[in-house]
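Residue numbers (this note's numbering): 440 to 682.
Shown next as structure tokens:
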């Protein structure tokens, strides 16, 4: 029997117990069908942490997209609070999370249609076991929670921590804008060194992280000069590392 989540009262919990259920798909269905803001969908699973939050944004499509940075900080804080003390976790633009240098999961964003979407769904997934396409250690760049000392972690502890930290960071974003989010996000992305290598579409981009722009785009110093990578829906519609 799955234990209930102990979440702040702003949330309404939906726990999926059906075989093959998916938190993100279920949350999108609820949101598109008129579900209220604060619906928190959790699918307990043996192989992953899988949850999603329904939002009712008042912002435009472009203005809401930096919510992935907010959610990434919340997920990072949750991993830090629920995991072993010695774990080293950092962020990968736009929405990935690494543990001990291996990509373990991250955030995805789904939006309703139009320039002023009526709903948004923020999904968080962390791999607990295994490495996709990594038989025999072929993918040293990806990892799983159980490989990094999280075997004794209770899933609900991490899920509850993510929910709480998400509210904290959302409040800060609402009250102070993107500036404080960027100031906290940048050191978390640089903790593994200032150089970064990103695959954007079919292009491999390498450079040193300089900043985040006012829309959450990543400012890089590359071999060919300064470059700004824009937050775009296509980058945010899939969980990093194809978990």
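All C-beta atoms in this analysis are idealised placements derived from N, C-alpha and C, irrespective of residue type, glycine included.
Problem set entry | Per DSSP, the bridge partner or partners of residue 490 | DSSP output for residue 490 lists 481, 563 as bridge partner(s).
Exercise. To which residues of the same chain is residue 656 closer than 7 Å at the C-beta, ignoring the five residues directly before and after it?
Worked result: 667, 668, 669, 670
Exercise. Can you name, in chain order, every residue of its own chain whose Cβ lies under 7 Å from the Cβ of residue 460, other than the five neighbours on each side?
Worked result: 482
Exercise. Smallest Cα separation from residue 491: which of 567, 624, 497, 598?
Worked result: 598
Exercise. For residue 458, is the classification buried or exposed, using 16 other Cβ atoms within 10 angstroms of its Cβ as the cut-off for buried?
Worked result: exposed
Problem set entry | Distance CB(residue 549)-CB(residue 534) smaller than 8 Å | no
For this session: Report all residues from its chain with a CB closer than 6 Å to the CB of residue 440; omit the five preceding and five following residues, and keep chain order.
Result: With a pLDDT of only 46 at residue 440, under the threshold of 50, the placement of this residue in the model should not be trusted; the figure read from the coordinates follows. The answer is none, since no qualifying residue turns up.
Problem set entry | Start and end residues, beta strand (DSSP E) containing residue 645 | 642 to 651
For this session: Under the assumption that residue 588 contacts residue 640 (Cβ atoms under 8 Å), give the Cβ distance between them as a whole number of angstroms.
Result: In fact, because the Cβ distance is near 34 Å, the residues do not count as touching under 8 Å.
Exercise. In whole angstroms, what is the alpha-carbon distance linking residue 529 and residue 556?
Worked result: 30 Å
Problem set entry | residue 618 versus residue 489 - alpha carbon distance | Near 29 Å, if we compare the C-alpha coordinates of residue 489 and residue 618.
Exercise. What first and last residue would you give for the beta strand (DSSP E) that runs through residue 451?
Worked result: 451 to 454
Exercise. Given a threshold of 16 other Cβ atoms within 10 Å of its Cβ, counted over all protein chains shown, does residue 575 qualify as buried or as exposed?
Worked result: Note that residue 575 has pLDDT 43, beneath the 50 cutoff, so the model's placement of it is unreliable and the number below is only indicative. Answer is exposed; the Cβ neighbour count stays below 16.
Problem set entry | Secondary structure of residue 476, DSSP reduced to three states | coil
Problem set entry | DSSP beta-bridge partners of residue 528 | 538
Problem set entry | Rounded separation between residue 501 and residue 567 - CA only | In this model, residue 501 and residue 567 are separated by some 32 Å (Cα to Cα).
Exercise. Taking just the CA atoms, how far does residue 583 sit from residue 486?
Worked result: 9 Å
Exercise. So, residue 493 versus residue 473, is the Cβ gap smaller than 8 Å?
Worked result: No, Cβ-Cβ distance for residue 493 and residue 473 is not below 8 Å.
Exercise. Start and end of the beta strand (DSSP E) containing residue 495?
Worked result: Counted as a single uninterrupted DSSP element, the stretch harbouring residue 495 is not any beta strand (DSSP E), since DSSP gives it neither H nor E.
Exercise. Within 10 angstroms of its Cβ, does residue 455 collect 16 or more other Cβ (buried), or is it exposed?
Worked result: buried
Exercise. To the nearest whole angstrom, what separates the beta carbons of residue 637 and residue 644, a pair I think is in contact under 8 Å?
Worked result: 5 Å
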